[in-house]
Amino acid sequence: MFDYNFHWRPVIRSLPDLLEASLLTLQVATLSMLIGIVIGLGLSVIRLRMRGPLYWFATAWIELARNTPALFQLFFFGFGLGALGWHMTPYMIVLSGLTFNNAGYLAENFRGGFQAVPETQMRAARSLGMNLWQTYTRILVPQVLRIVYYPMTNQLVWAVLMSSLGMLVGFRELSGETQFFASRTYRIFEYFAVTAVIYYVLVKLILLASRLLAMRLFRY
Amino acid sequence: MDTPISFFSGFGLQDVLFMAEAAWRTLLISLISISLGTLLGTLFGWMLYEGRIWATLFLAPILDAFRSVPLIIQLVLFYNFVPIIGLNLDAFQSGLVVLTLYTASLVANVARGGIEAVGTPMRRAARSLGMSYWQDLIYVVFPIGARAVFPSWVGVALGVLKDSALVSVLGYVELLRASQILMTRTQEPLLIISIAGAFYFALSYPISRYSAKLEKRWSQ
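If you read the sequences in order, they're chains A and H.
Residues 4 to 223 (our numbering) are what the first sequence spells out, left to right.
Residues 83 to 302 (our numbering) are what the second sequence spells out, left to right.
What follows is the structure, encoded as structure tokens:
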């Protein structure tokens, strides 16, 4: 029943490459989060304050991002836009797909955050002579980011996990690199087992770092 | 006689049917794994709530691992692990097992939240009216708790519906895999990926709207 010989040596030998690839995973996830936060803030403000075509654009973005699979979004940016003659590198495909997804989900979080900030704050800031841009960047957005801090941490974890889809569009981050090595040595189980452990550790490190950061940021 | 041979053929009616059938397979694997995963997850959630030291020491870390490792890695890992222990599962069965466990790990937290949402005074009242532990659980905790966490459960279910796209890596021809096959044959990626996206959107959007409406009504 159990006549399978585990060979861990090739995995150990390529461990440095896997760890290096996991840095790429972290990089693309973080970058997509940062851009996603900026776009998400924009989308949620548009949805709360504006009417007309911009409102519908923001609504379409949010609903599409939330109601279709992330893999579909990657394929759309990879193959769909490729048909229009807009060819992207695997890195750009994953980055744009993840950013699209993050922005949609974050926009919904931010909307809740903006609604949690009392309306009077806006009036107070405006009557102190701040213009709209200053009111948002100095008064509202800092409070919103604080309110949605934990949902944002979750979204970052999701972004790390989602970046594993890069493997299917030929991007050699952690999963793609694992598949590359696994198909070269046929040690599929061993490679993916180690990769699973690496992902687990990455996620735990992110959560730990965010807790520590929260302790520093939210100290009164 | 000298008509040029083409490997590609256009997108026709039978391809729409092919995609509809694939959408049905997406729905099938999602429905089964959501149902089984919800039953299992509710059981886990109850165990997390009741079992003190054993649940925190053993069950919680295992469920946490399912949430901290990308689903695609879990799928590949399990699919390659099954032959090692001498079993023979096809792509559908492997995908079903992994999706069910994944759903259960997500539902477990939701279910525990549901039990916690029912206040202790209410449960004491039920017990002091002469209800047994199980009567209290079935007739008091379940109806109230289920209502409290219904929106988050819908969120989990929709997430699994979208994540079922990942079973395509094992070769199960669901919606996204079918569209990939058609893209290769017809060379019309933008059209086909858009149809696949529309299928997913049509499945997911009405449910998420309905759940948002219910949430709003119940919170009043």
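We put the CB at the ideal spot given by N, CA and C, even for glycine.
In this structure the stretch 98 to 115 of chain A touches the stretch 32 to 42 of chain A; the number of beta carbon pairs closer than 8 angstroms is three or more. When the beta-carbon positions are compared, A:Tyr202 and A:Leu177 come within less than 8 angstroms of each other. Between A:Glu23 and the set A:Gly132, A:Glu180 and A:Leu208, the nearest pair of CA atoms involves A:Glu180. Under the three-state reduction of DSSP output, A:Pro93 falls in the helix class. The Cβ atoms of H:Leu157 and A:Phe192 do not sit closer than 8 angstroms to each other. In this chain, H:Ser214 is not harboured by any alpha helix (DSSP H), its DSSP state being neither H nor E.
In this chain, the alpha helix (DSSP H) harbouring A:Gln124 covers Glu122 to Ser130. Taking 8 angstroms as the CB threshold, H:Val180 stays off the interface with chain A. The Cβ of H:Asn191 sits no closer than 8 angstroms to any Cβ of chain A. Under the 10 Å beta carbon count, A:Tyr139 is surrounded by 16 or more other beta carbons and is classified as buried.
Rounded to whole angstroms, the Cβ separation of H:Gly123 and H:Thr185 is 6 angstroms, and the two are in contact under 8 angstroms. Residue environment for A:Trp161: buried (at least 16 other C-beta atoms within 10 angstroms of its C-beta).
For the alpha helix (DSSP H) assignment, the uninterrupted runs of no fewer than 4 residues enclosed by the stretch 166 to 219 of chain H are, from N- to C-terminal side, 173 to 199 and 202 to 210.
A residue is called buried once 16 or more other Cβ atoms fall within 10 Å of its Cβ, and A:Glu111 is buried on that count.
Between H:Val164 and H:Gly119, the CB-CB gap reaches or exceeds 8 angstroms. Neighbours of H:Val251 in chain A, taken as residues at a C-beta separation under 9 angstroms, are given in chain order as Met170 and Leu171. Taking a Cβ-Cβ threshold of 7 angstroms, the residues of chain A close to H:Val151 are Ala199, Tyr202 and Tyr203, in chain order. Distance check between H:Phe93 and each of H:Met265, H:Leu285 and H:Ile289 places H:Met265 closest, using alpha-carbon atoms only.
Contacts between H:Tyr282 and chain A, judged by CB atoms closer than 9 angstroms, involve Asn70, Thr71, Pro72 and Phe75 in chain order. Contact annotation for H:Ala278 against chain A: Phe75 [CB-CB distance below 7 angstroms, chain order].
Contact with chain H is found for A:Tyr7, since one of that chain's Cβ atoms lies less than 8 angstroms from the residue's Cβ. The beta carbon of A:Arg190 is closer than 7 angstroms to those of His10, Pro13 and Val14 in its chain, skipping five residues each way along the sequence.
Closest in C-alpha terms to H:Leu141, from the list H:Asp172, H:Gly177 and H:Phe126, comes H:Phe126.
8 angstroms or more divides the Cβ of H:Tyr282 from the Cβ of H:Leu252. H:Val242 is a Cβ neighbour of H:Leu181, given a cutoff of 8 angstroms.
For H:Phe126, the enclosing alpha helix (DSSP H) stretches over residues Leu95 to Glu132.
With a cutoff of 8 angstroms on beta-carbon distance, H:Ser246 and H:Ser112 are scored as near each other. Between A:Tyr94 and A:Phe174, the CB-CB gap stays under 8 angstroms.
Identification of chain H residues near A:Ser178 by a Cβ-Cβ cut-off of 8 angstroms yields Pro152, Ile154 and Ile155, ordered along the chain. Comparing alpha-carbon positions, the option among H:Tyr292, H:Tyr287, H:Val223 and H:Ala278 lying closest to H:Thr108 turns out to be H:Ala278. Burial check for A:Gln158: the Cβ neighbour count within 10 Å reaches 16 or more, so the residue is buried.
Three or more pairs of CB atoms, one per stretch, sit closer than 8 angstroms, so the stretch 143 to 150 of chain A contacts the stretch 114 to 123 of chain A. The shortest CA-to-CA distance from H:Gly168 to any of A:Thr188, A:Leu208, A:Asn8 and A:Thr71 is the one to A:Asn8. At a cut-off of 8 angstroms between beta-carbon atoms, A:Phe221 makes no contact with chain H. Residue state for A:Gly173 is assigned as coil, using DSSP reduced to three classes.
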